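Novice: Below are the structure tokens for one structure; questions will follow.
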Amino acid sequence: MGDKNEWGSNLSFILAMIGSAVGLGNIWRYPYVLYSNGGGAFYIPYIVAILLMGIPFLILEYGVGYNYKSSFAKAIAKINSKFEYLGWLLPVAVFMIMIYYSAILGWDGIYILLSFFKGWGADPNAFFANTLLQSSDSYLSLTHFIPYIAIAMLVGWVIIWFISHRDLEKGLGKVSKLLVPLLFIIMVVIVVFSLTLPGASIGLAELFNPDWSLLSHFEIWMAAFGQIVFSLSLGMSIAFTYASYTKDNADLVTNTISIALANSLFENFAALGVFSILGYMSLQSGTAVSELVTQGTGLVFVAYPTVFNVLGQWAYVLGPLFFLTVYLAGLTSILSTIEPLSFSIQNKFGLTRNKTMSILCVIGALISMIYATSYGGSLLGYVDTFINQIALLFGVIVECIIFAWVFKAEKLVDFMNSRTRTIKLGKWWIVIVKYILPIFISIVWIGGLIDVINSSTIHQLNFTIISAAILLISALVFTVLPSKNEDWTKTEDRV
């Protein structure tokens, strides 16, 4: 790995990881998860999930990633060649996320244009579901193609291709340095204004009204751990891949705490704005907040246009800025999700970074067109559920076992402690990553699997099985294909 593939500064690494964490997912997903899982009561399992899983697991992933400074698949094969299949499973799963993220990015691209003249009209909810997505619950609607969504998605893929062909510092690093501060500034302005809206207190009361009885329900704990997996990109091999690009003086423990803290503050701050807007919508329409909150994805494309409708002339400035910033956040998230599979392919098959990125962008763009249909919104929800509640939680379990037990997490302690400016790792960390975390996440994973099976429609189960088959077969293909790179079996231990 040459110098051009390393981060030019520690700040670039931190901002890239923060950008990945606070991208599209936290804006459209977290407020819905928070509200639908006990409101204020959700913070107890949420904080437990951050302390028990988020920070300890990220430290483990960063440490092993820095040790090998190679792709995820290559490192897993180096630890034990029998596990190579698992090394491909996660990068492929993350690439599947990238594909459906491109659909949300396309929707947001359309909203950038609409925001210049409030093209969503007086009823943003009806516009989003009926006019834009032309939503249908019938799988036969996969044949109903929506050209303007497809075009918007292809524009996103071209931008992704362009940025991915630049080295990390000039590409993703430069985008992150612009994106993350801008995203925070715009969100502060919007949230502060939202809090002044008539009825804002209605939404906030709904959000923070704790339902303590839910703490005894398994689902709320599963949702909290699932949210942390999603928002911090755990089990996606993204943190591992990013750590392999870091310079030798990186303080990975402090970086982990910074990223987790920034992510948590951002997603909770954004939730204030979303539910202030929903309170306003409830007051104006006479509809209960509970009836307005029907899904996570629509919150960005319904709640924010609603507040822009009452902003007056300022809406024509803040609206485009907001959706442009969300677009940039989405780009950062997508660029993060292509990196693990790209780097693994480069390592095993000896392809150049540019050629690998071009191939993946073309394949991803072609597959993503299934989301440019009337069934695309429903399909996106099904695949998202499978990836986040089944595939990625399984990935966290696999990484914990391989990194903590086979690689031996103890080897990282002295090295990480020698350069940390904050907390020191000790037996508490070893106990968490070797015992508590894999056992607890296994329980959550089994519960999630049962929940998906019990709550799914026949169509959702069918598409879940199809998604699983695609994931398993793709990982198998990458595993059995012979290596074209003589360095595939060579890695250097650094700790």
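Per my numbering, residue 7 is the first one in the sequence shown, and the count goes up by one each step. Glycine included, each C-beta is placed from N, C-alpha and C at the ideal position. Quantities reported herein were computed from a predicted structural model and do not represent experimental measurements.
State buried or exposed for W440, treating a residue as buried only when at least 16 other CB atoms are found within 10 Å of its CB.
Specialist: Walking along the sequence shown from the start, residue 440 turns up at place 434. It is Lys, not Trp, that sits at residue 440 in the sequence shown. Classification for K440: buried.
Novice: Could you tell me the alpha carbon to alpha carbon distance between E212 and T312, rounded to whole angstroms?
Specialist: Residue mapping note: residue 212 aligns to position 206 of the sequence shown, counting from 1. Residue mapping note: residue 312 aligns to position 306 of the sequence shown, counting from 1. Approximately 18 Å, taken between the alpha carbons.
Novice: DSSP on M7, reduced to helix/strand/coil?
Specialist: For this step, residue 7 is matched to residue 1 along the sequence shown. Only weak support is given to the placement of M7: the predicted model assigns it a pLDDT of 40, under 50, and the value that follows is read from those uncertain coordinates. Coil at M7, not helix or strand.
Novice: Count the other CB atoms, across all protein chains shown, that sit within 10 Å of the CB of V590; report buried if there are 16 or more and exposed otherwise.
Specialist: Residue 590 lies beyond the residue range present for the chain, which begins at 7 and ends at 501; the question has no answer from this structure.
Novice: Report the three-state DSSP secondary structure of F190 (helix, strand or coil).
Specialist: Against the sequence shown, residue 190 aligns to sequence position 184. F190 falls in the helix class under three-state DSSP.
Novice: Buried or exposed: where does F224 fall if 16 or more other Cβ atoms within 10 Å of its Cβ makes it buried?
Specialist: As a working note, residue 224 is residue 218 in the sequence shown. F224 is exposed by the Cβ-count criterion.
Novice: If you draw a straight line from the C-alpha of S288 to the C-alpha of G209, how long is it?
Specialist: Start at 1 with the first residue of the sequence shown, and residue 288 comes out as number 282. Start at 1 with the first residue of the sequence shown, and residue 209 comes out as number 203. In a straight line, the C-alpha of S288 is about 8 Å away from that of G209.
Novice: For P444, count neighbouring Cβ atoms within 10 angstroms of its own Cβ and tell me buried if that reaches 16, exposed if not.
Specialist: Along the sequence shown, read from residue 1 onward, the residue named residue 444 stands at position 438. With a 10 Å radius around the Cβ and a threshold of 16 neighbouring Cβ atoms, P444 comes out buried.
Novice: On a Cα-Cα basis, can you pick out the residue from E67, I61, K80 that is closest to L347?
Specialist: The residue labelled residue 347 in the question sits at position 341 within the sequence shown. With respect to the C-alpha of L347, the residue from E67, I61, K80 having the closest C-alpha is K80.
Novice: How would you call L399, buried or exposed, if buried means at least 16 neighbouring beta carbons within 10 angstroms?
Specialist: As a first step, residue 399 must be located in the sequence shown, where it is residue number 393. Sixteen is the threshold: when 16 or more other Cβ atoms of the shown chains lie within 10 Å of the Cβ of L399, as they do, the residue is buried.
Novice: From S108 to N360, what distance separates their C-alpha atoms?
Specialist: Your numbering for residue 108 matches position 102 in the sequence shown. Your numbering for residue 360 matches position 354 in the sequence shown. Whole-angstrom Cα-Cα distance: 20 Å.
Novice: In three-state DSSP terms, what is T463?
Specialist: Locating residue 463 in the sequence shown gives position 457, counting from the first residue. Correct three-state label for T463: coil.
Novice: Roughly how many angstroms separate the alpha carbons of E492 and S142, rounded to a whole number?
Specialist: Stepping through the sequence shown from its first residue, residue 492 is reached at position 486. Stepping through the sequence shown from its first residue, residue 142 is reached at position 136. Near 50 Å, if we compare the C-alpha coordinates of S142 and E492.
Novice: Please state the DSSP three-state secondary structure of F236.
Specialist: Looking up residue 236 in the sequence shown gives position 230. It is helical.
Novice: Looking at C-alpha atoms only, which residue of F446, L220, V308, V419 is the closest neighbour of K433?
Specialist: Here residue 433 refers to the residue found at position 427 when the sequence shown is read from its first residue. Looking at the Cα atoms, V419 is the closest of the given residues.
Novice: Mind checking A335: buried by the 16 CB within 10 Å criterion, or exposed?
Specialist: For the purposes of this step, residue 335 is identified with residue 329 of the sequence shown, where counting begins at 1. That one is buried.
Novice: What would DSSP say about T428, mapped onto helix, strand or coil?
Specialist: Counting from 1 along the sequence shown, the entry for residue 428 is found at position 422. Three-state DSSP puts T428 in coil, outside helix and strand.
Novice: Using a Cβ-Cβ cut-off of 6 Å (strictly less than) and excluding sequence neighbours within five positions of M7, which residues of its own chain qualify?
Specialist: Stepping through the sequence shown from its first residue, residue 7 is reached at position 1. Low confidence applies here, because M7 scores a pLDDT of 40, under 50, leaving its location unreliable and the question unanswered by this model.
Novice: Is T379 helix, strand or coil by DSSP?
Specialist: As a position in the sequence shown, residue 379 is number 373, starting the count at 1. Here T379 sits in strand by DSSP.
Novice: Can you name, in chain order, every residue of its own chain whose Cβ lies under 6 Å from the Cβ of S448, other than the five neighbours on each side?
Specialist: Counted from its first residue, the sequence shown places residue 448 at position 442. These residues qualify, in order along the chain: I403.
Novice: Just the C-alpha distance for V458 and T391, rounded to the nearest angstrom, thanks.
Specialist: Here the question's residue 458 lines up with position 452 in the sequence shown. Here the question's residue 391 lines up with position 385 in the sequence shown. Taking the straight line from one Cα to the other gives about 8 Å.
Novice: From which residue to which residue does the alpha helix (DSSP H) around D114 run?
Specialist: The count along the sequence shown starts at 1 and reaches residue 114 at position 108. 90-120 is the span of the alpha helix (DSSP H), which, as asked, contains D114.
Novice: Taking the alpha helix (DSSP H) that N353 belongs to, which residues open and close that run?
Specialist: Reading the sequence shown from its first residue, position 347 is the one you call residue 353. Unbroken alpha helix (DSSP H) run through N353: 321-355.
Novice: Grab the span of the alpha helix (DSSP H) containing S147 for me, first residue to last.
Specialist: Here residue 147 is taken as the residue at index 141 of the sequence shown, counted from 1. Run containing S147: none; DSSP gives neither H nor E here.
Novice: If we call anything under 8 Å between Cβ atoms a contact, is T379 one with L148?
Specialist: Locating residue 379 in the sequence shown gives position 373, where the first residue counts as 1. Locating residue 148 in the sequence shown gives position 142, where the first residue counts as 1. Closer than 8 Å, so yes.
Novice: With 16 other CB atoms within 10 Å as the buried threshold, where does N43 fall?
Specialist: Start at 1 with the first residue of the sequence shown, and residue 43 comes out as number 37. N43 comes out buried.
Novice: Span of the alpha helix (DSSP H) holding C367?
Specialist: Residue mapping note: residue 367 aligns to position 361 of the sequence shown, counting from 1. Note, C367: alpha helix (DSSP H), 359-374.
Novice: Which first and last residues belong to the alpha helix (DSSP H) in which Y286 is found?
Specialist: By 1-based counting over the sequence shown, the position of residue 286 is 280. Counting along the chain, the alpha helix (DSSP H) containing Y286 begins and ends at 258-291.
Novice: For T338, count the other beta carbons within 10 Å of its own beta carbon; 16 or more makes it buried, fewer makes it exposed. Which is it?
Specialist: Within the sequence shown, residue 338 is the residue found at index 332, counting from 1. Classification of T338: buried, given that the 10 Å Cβ count is 16 or more.
Novice: Assign L58 to one of three DSSP states: helix, strand, or coil.
Specialist: Start at 1 with the first residue of the sequence shown, and residue 58 comes out as number 52. For L58, the three-state secondary structure derived from DSSP is helix.
Novice: For S239, does the count of other Cβ atoms within 10 angstroms reach 16, so buried, or fall short, so exposed?
Specialist: Taking the sequence shown and counting its residues from 1, the one referred to as residue 239 is at position 233. Buried, because 16 or more other Cβ atoms sit within 10 Å of the Cβ of S239.
Novice: Taking the C-alpha atoms as reference points, what is the distance between E273 and T247?
Specialist: Here the question's residue 273 lines up with position 267 in the sequence shown. Here the question's residue 247 lines up with position 241 in the sequence shown. Those two C-alpha atoms are separated by around 24 Å.
Novice: Give the single residue among T470, L477, L482, Y377 whose Cα lies nearest to the Cα of Y106.
Specialist: The count along the sequence shown starts at 1 and reaches residue 106 at position 100. Among T470, L477, L482, Y377, the Cα nearest to that of Y106 belongs to Y377.
Novice: Mind checking E297: buried by the 16 CB within 10 Å criterion, or exposed?
Specialist: Here residue 297 refers to the residue found at position 291 of the sequence shown. It counts as exposed.
Novice: Name the residue from A245, F328, L188, V332 whose alpha carbon lies nearest to the alpha carbon of F349.
Specialist: Along the sequence shown, read from residue 1 onward, the residue named residue 349 stands at position 343. Of the candidates A245, F328, L188, V332, the one whose C-alpha sits nearest the C-alpha of F349 is A245.
Novice: Helix, strand or coil for S448, going by three-state DSSP, please let me know.
Specialist: By 1-based counting over the sequence shown, the position of residue 448 is 442. Three-state result, S448: helix.
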